[in-house]
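Per the UniProt record's numbering, the very first residue in the sequence shown carries number 1; after that it's consecutive.
Virtual Cβ for every residue (Gly too), placed ideally from N, Cα, C.
This structure is a prediction, so every number in the text was calculated from the model and none was measured.
Worksheet: one structure, shown below.
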Amino acid sequence: MTPALVVRGVHASYPGTPVLHGIDLTVAPGELVAVLGGSGCGKTTLLRAVAGFHPLDAGSVELDGRLVASADPSSGGVDVAPERRGVGLVPQDGALFGHLTVAGNVGFGLDRAGRRTGRVEEVLELVGLPGYGRRRPDELSGGQQQRVALARALAPAPALVLLDEPFTALDAGLRAEVREQVCAALRAAGAAAVLVTHDQQEALGVADRVAVLVAGRVVQAGAPHELYRAPVDLDVGTFVGEAVVLAAQVSAGRADTALGRLAVDGPDGPGRVLLRPEQLRLRGGSAATVREVIFHGHDSTVLVEHGGTVLRCRTADADLPRVGQRVDVEVAGPVLFYPSSGDQ
Ligand SMILES: Nc1ncnc2c1ncn2[C@@H]1O[C@H](COP(=O)(O)OP(=O)(O)OP(=O)(O)O)[C@@H](O)[C@H]1O
């Protein structure tokens, strides 16, 4: 099947500031890919390059098998105008036109014939806002405005929708709900999507695949569970989720750590092991002391002091330890080992 999007070796910059350094990214039809990265790593620039609002210094962009941008001189420098790329864009703040009704906003990218086919009402239904066409944007909640912005992007039935941190402006309570509604609408529409976010839980929770962007480079792309369970390095491992990192010395598949000898897959020598807080299990004992218990409802975080280091453990047990209680810490499940590089 032809991918909805292929980004190949894309370099892009602002005057005097290189931002993207050879990005490769493929999105399959109907797939939702999250681009996850910290502030300033180039997420928005990547979306703008795909949408046609930012020029490429090198590389190419294909949409649905069609070359829409190429900086390769042998191709004659292709640069298809944004409105001819067939891409829907949902900006950070929705950016609805305040002087138009909801229907006017949603129908903005459709020609007159398109507006008469009932497409506007169809996509409003898709985003869970049937009958809202006559309202003005200022009569909607923030979450509803974001869903109208998505309806506007979906109305011309694009093969690809680009979403630039579309939930950041919403308060935490609303964010999860709107996120689920938006992702459900994208799936119902069958559109492929690239969601840009700096929120790890959001990326891991909604995307089929996640590409981690660091300083303009994709350092790892994979299914959410791959990133969480098998990060390529400690930086990705600690970025995508809470982690416990311990110094280790490996010999014959056994790592000596502060938590004892742990089976690992890796070469002999020094390095560090990465564990997730839910892998640390507390038992009655004396090796560590409980310093703090934080109740989250669905589970709890327990901070224990072990040999002068504070370790973060997560437990779904209803029977929680008390602060000051002495415990032992056991490790469950696979342990990831990252050998020290020569310069460490
Ligand atoms: N118009 C501009 N002129 C010069 N530099 C810019 C411009 N816009 C962005 N930059 C720089 O390019 C880099 C990447 O910016 P970009 O907006 O793509 O990052 P981002 O990952 O989307 O960040 P954020 O999550 O903070 O929005 C940053 O270092 C930024 O300062």
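| Hey, is G37 close to ligand 1, as in C-beta under 7 angstroms from one of its heavy atoms? | yes
| query | So, is V90 buried or exposed, given that buried needs 16 or more other C-beta atoms within 10 angstroms? | reply | buried
| Check whether P339 and C313 have beta carbons under 8 angstroms apart | no
| query | Residues in its own chain within less than 6 angstroms of V61 by CB, not counting five upstream and five downstream? | reply | V7, V50, V68, A69
| query | So does the stretch 190–197 actually touch the stretch 28–35, counting three or more Cβ pairs closer than 8 angstroms? | reply | yes
| request: Consult DSSP for H225 and reduce its assignment to one of helix, strand or coil. | output: Helix, per DSSP.
| query | What do you reckon, are the CB atoms on residue 345 and H11 nearer than 8 angstroms? | reply | Residue 345 lies beyond the stretch modelled for the chain, which goes from 1 to 344, so this question has no answer here.
| field | Given L262 as reference, the closest of P270, D268, G269, G253 once Cα atoms are compared | value | G253
| said: Determine whether the beta carbon atoms of L160 and L47 lie at a separation below 8 angstroms. | reply: no
| Roughly how many angstroms separate the alpha carbons of F167 and P231, rounded to a whole number? | 26 angstroms
| query | By Cβ distance, which residues of its chain are closer than 7 angstroms to R152, with the 5 residues on each side in sequence left out? | reply | N105, V106, F108, G109
| If you count every other CB in all the chains shown that lies within 10 Å of the CB of R291, and 16 or more means buried, which is it? | Classified as exposed, R291 has fewer than 16 neighbouring CB atoms from the shown chains inside 10 Å of its CB.
| query | What are the uninterrupted segments assigned as alpha helix (DSSP H) that are 4 or more residues long and contained completely in the stretch 202–276, given in chain order? | reply | 224–229, 234–240
| query | With 16 other CB atoms within 10 Å as the buried threshold, where does T45 fall? | reply | buried
| query | So, residue 354 versus V244, is the Cβ gap smaller than 8 angstroms? | reply | The requested residue 354 does not occur in the structure, where the chain is confined to residues 1 to 344.
| said: Given the structure, does Y14 come close to ligand 1, in the sense that its CB is under 7 angstroms from one of the ligand's heavy atoms? | reply: yes
| field | Within 8 angstroms, strictly: CB atoms of R272 and L246 | value | yes
| field | Boundaries (first-last residue) of the beta strand (DSSP E) holding A176 | value | Element bounds for A176: not the beta strand (DSSP E) but the alpha helix (DSSP H), 172–189.
| Given that a residue counts as buried once 16 or more other Cβ atoms are within 10 Å of its Cβ, and exposed if not, what is H54? | buried
| message | In whole angstroms, give me the CA-to-CA distance for Q344 and P270. | response | For Q344, the pLDDT reaches just 49, beneath the cut-off of 50, and the residue's location in the model is therefore unreliable, leaving the point undetermined.
| request: Go to R147, then tell me how far its alpha helix (DSSP H) extends in each direction, as first and last residue. | output: 142–154
| query | What do you reckon, are the CB atoms on V123 and A155 nearer than 8 angstroms? | reply | yes
| S13 by DSSP, collapsed to three states: which one? | strand
| What span of residues does the alpha helix (DSSP H) with E125 cover, start to end? | Per DSSP, E125 is one residue of the alpha helix (DSSP H) stretching across 119–126.
| Where does V327 land, buried or exposed, given buried means 16+ other C-beta within 10 angstroms? | buried
| field | Element boundaries [beta strand (DSSP E), containing G104] | value | Premise fails: G104 lies in the alpha helix (DSSP H), 102–106, not in any beta strand (DSSP E).
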